[in-house]
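Written below as structure tokens is the structure these notes are about.
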Amino acid sequence: MTRWKNAFFNITFALNCLLLFLLLLSDKMVIPAWLQVGGRMHPLLLHFPIALIVLYVLWILFAVSNSHYKQIASDLLLLSSITSVITALCGLLLSREPGYDPDALQTHKWAGSIIAFLLIFWYWISTAKNVSRWFNISASFVMLITIIVAGDLGAAITHGENFLMAPITPEKERKTVLFEEAFVYADVVQPVLEAKCLSCHNSKKAKGELVMETAGLLLKGGKDGRLWDTTKADLGLLMQRIHLPEDEKEHMPPSGKPQLTDEEMVILERWIKGGADMNKKVIELPPSDTLRTIAYKRLKAFSEEKYDFTAANENTIKKLNNTNRVIYPIAAKSPALVVNFYNSPYFGSKQLAELADIDQQVVELNLSKMPVKDEDLKTIARFTNLRTLNLNYSAITGNTLDQLKKLPLLKSLSLTGTAVTAKQLAVLQEFPKLRSVFIWNTGISPTALAAINKQGKIHFETGFDAAGVVMKLTPPIIANGDSIVTKPVAVQLKHYVPGTAIRYTTDGTDPDSISSPIFKNDLQVQKMFELKTRAVKPGWYSSDVVSRYFFTSRYVPDSIELLKPADAKYKAKEGRTLNDLVKSDPGRGSGKWLGFRDNNLEALLFFRQPIPATSVILSTLRDVKGLIFPPASVEIWGGTDKNKLKLLMHLSPKPTVKGDPNDNFPITCEFAPTNVSFIKIIAKPISKIPAWLKDEREKAKIEEAKIKKAELEKAKKEKVKGAEPIAEKSKDKRSAAEKAKDEKPWIFIDEVMVN
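Mapped onto this note's numbering, the consecutive letters of the sequence shown carry residue numbers 39 to 793.
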């Protein structure tokens, strides 16, 4: 041996002796802070002996044998020995830090130390005796395998079980859990913790003395205490750490590890806020609960059933599909079908019987609000693969519910708003797969509901218990499809809360809950009016007011000619726009408005037969921000000779004042009955925007200029520091006339109605 090799050998031997001494006393060692830094070098150093051993194996396998062959091999082996003992010493120091499983550490540190001992012994043998090349090859392979095993033990401590072989090891299949049987913690929360937290908080590497492997250990918390506190606004330690910036030291999961998604954060937050119950089922959460919604989406993703029946004939499905009955696959390429029924007046037992050709493929049947009768359940019982049945607000009484026992796979049954009784529901306990029954608004008493919920495996969903809570009604629904009618029609109003009264007005005032008329299906549209409605019920707060204009157009023009063109940006269907009996949406961008700014609105209406006209209604728009206002004046001219029309009405609508809402603004022009074949309408835009609006716009411009100036000043300062400044916007180079045009008011119109 050369002098330097002897020196290195002696140092390595001494370090191995020190390693053995410390190994025997490791359980009693107390490591000072400055030595802990050396211990944390272990993950960095462990790559050197591994790389050197691999290099040594390659050298003795493929190097050409010559005078330098043995010398280089010896050097590589010595370097492997000294780096391995240093790595083992650092690992021994690191093992004294808290948070690691003692049993797992014991095996790993002994494996690493044995490698260090074997390497120095191997080096001594290879230099003291003339060992064969094949001995070195065999020994090096044994050493390489030992290093891999030791490394895998270490990886299991820091990265979790089976880290090395995970890519080629089949993953354990997650237990299939149906939504109706899933638990919030075990099936929604725990998978998140396992995926994002368990690698650092397991029994082998309990970082922060926190282990998340079981519910009990999770409740125990770590060295910093319990993980959550529902009395705190931020919900405690877990949510605090999750929401820290990723570059913060205490952010969890640590930077570089897979981070929680927004949805996973919501899962943890909602679970903690709800009391962190370990035993609650997902189905017990309120229907509107965010956690329940997320759970449904996640659980459905992996608990979808595999259907073993053949698909129905596509032509058969196509033939059965119509406006009132829609049939479609539950998923792409799935043989399972969903059937939805619509339009209750067209429903009958015959429509159910017609599904006989696909009764084995239907897994979901939606008959909500259909007049299904008790005897129809016998037909439904033929759908033997049915999983979900919706009979909400149907006409069944519950007397024949036992017919559904013939559905062996039925899991979910909806009976909301039906006449079923608690006694009739008892038969459902005999259904083998049934797990969820929805019975809102059935008239079953709270006591009876509590009793049947305790009877067995089925969860009866009863909705929100509003006892003692005053709730606000939703507004009534105005069900009429058309806002413009050519003959008297009945107004259709409805509300889905039983016992609700709908009060209304037609004079523009808001209805109250006491004196305004109650809607009794006796209101007709015979002339233009604004209908305002409000829902009221004892024990509830009245709803907000909902309103809608109804227009009559007794005489529809045969044609309409625009004498002056509309603006190119808002020309809709030109003259046809004004007599198509279609009301536009309120927004100016709907494409259904005619817009005039540079021209007056001038339109000529033609009737093949003279009509006794008494009024003209213009449906216009008011949108203050868009500079859209009612016209300054409206003139109605009429007669039987196109060239000899006379003025029938001149009107100046009320100017828009500050605070007026953006809405449909009807203008009614009434005049003495006149026989006309032609009606000419002239509406002039206001000449300039109101003074109050001009002041507001000027103030806004000044404020905007201040903000821009501040941004430029900030950009200049940042430029000094080397930052890129905000680019200054080019100045407005348009002419004064072009700028003035932008300030010109508009008229928007979508319909002209003649009565």
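By construction, the Cβ of each residue, glycine as well, lies at the ideal position given by its N, Cα and C atoms.
Just so you know, these numbers come straight off a predicted model, no measurement behind them.
Taking 8 Å as the threshold (C-beta atoms), are residue j and residue i in contact?
| i | j | result |
| --- | --- | --- |
| K371 | E302 | no |
| L453 | I477 | yes |
| A539 | I556 | yes |
| R592 | W784 | no |
| I516 | T456 | no |
| I332 | I396 | no |
| V377 | I365 | yes |
| T524 | V594 | yes |
| N793 | T590 | yes |
| L130 | L53 | no |
| V400 | L390 | no |
| G613 | A641 | yes |
| G676 | T706 | no |
| K318 | V222 | yes |
| P514 | S585 | no |
| G312 | L329 | yes |
| I310 | W266 | yes |
Answer with buried or exposed for residue i, where buried requires no fewer than 16 other C-beta atoms within 10 angstroms of its C-beta.
| i | result |
| --- | --- |
| Y542 | buried |
| D225 | buried |
| E789 | buried |
| S178 | buried |
| C128 | buried |
| L57 | buried |
| K147 | buried |
| V529 | buried |
| Y534 | exposed |
| I158 | buried |
Return the chain-ordered list of same chain residues with a C-beta closer than 8 Å to the C-beta of residue i, the five sequence neighbours on each side being excluded.
| i | result |
| --- | --- |
| I153 | P87, S122, A126, M181, T184, I185, A188 |
| L801 | For residue 801 there is no data in the structure shown, the boundaries of the chain being 39 and 793. |
| Q441 | L415, K416, I418, A419 |
| K295 | K234, S237, C238 |
Grab the span of the alpha helix (DSSP H) containing residue i for me, first residue to last.
| i | result |
| --- | --- |
| N353 | 352 to 358 |
| D414 | 414 to 418 |
| F703 | Counting along the chain, F703 falls outside any alpha helix (DSSP H), though it belongs to the beta strand (DSSP E) covering 701 to 722. |
| H281 | 275 to 281 |
| W309 | 300 to 311 |
| Y94 | 85 to 100 |
| E599 | Element bounds for E599: not the alpha helix (DSSP H) but the beta strand (DSSP E), 597 to 600. |
Suppose the cutoff is 6 Å on Cβ atoms and the five residues either side in sequence are ignored; what does the same chain contact list for residue i look like?
| i | result |
| --- | --- |
| L659 | I666, F786 |
| D272 | Q278 |
| T694 | F667 |
Can you tell me the Cα-Cα spacing of residue i and residue j, whole angstroms?
| i | j | result |
| --- | --- | --- |
| L601 | E673 | 14 Å |
| S18 | K607 | Given a span of 39 to 793 for the chain in the structure shown, any question on residue 18 remains unanswerable. |
| F703 | T544 | 16 Å |
| K609 | P723 | 16 Å |
| G150 | I124 | 11 Å |
| V249 | L83 | 28 Å |
| L26 | V475 | Past the boundaries of the shown model lies residue 26; the chain is included only from 39 to 793, so the question cannot be answered. |
| E286 | D346 | 52 Å |
| A111 | T165 | 10 Å |
| G760 | E749 | In this prediction, G760 scores a pLDDT of 44, lower than 50, which makes its location untrustworthy; the coordinate-derived value is nonetheless stated afterwards. For G760 and E749, the distance between alpha carbons rounds to 16 Å. |
| T678 | P668 | 29 Å |
| K744 | A738 | 10 Å |
| G254 | G274 | 18 Å |
| H85 | I163 | 25 Å |
| E288 | R264 | 16 Å |
| H688 | S671 | 7 Å |
| Q462 | I434 | 12 Å |
Can you list, in chain order, the residues of its chain whose CB lies under 7 Å from that of residue i, leaving out five sequence neighbours each side?
| i | result |
| --- | --- |
| T459 | G436, I482 |
| R626 | L659, D661, G664, I666, F786 |
| P470 | P446 |
| L448 | L424, R425, L427, L442, F469, K471, L472 |
| L405 | F379, N428, L429, S432 |
Hey, would you say the C-beta of residue i is under 7 Å away from at least one heavy atom of the ligand ZN?
| i | result |
| --- | --- |
| Q530 | Here there are no bound small molecules, and the ligand ZN is not part of this structure. |
With residue i as the anchor, note down where its beta strand (DSSP E) starts and where it stops.
| i | result |
| --- | --- |
| R660 | 639 to 660 |
| F786 | 785 to 792 |
| L403 | 400 to 404 |
| A539 | 539 to 543 |
| P367 | 363 to 367 |
| V475 | 474 to 476 |
| G676 | 671 to 677 |
Distance cutoff 8 Å, beta carbons only. Does residue i sit that close to anything in chain D?
| i | result |
| --- | --- |
| Y107 | Reference to chain D is not applicable here, since this structure consists of a single protein chain. |
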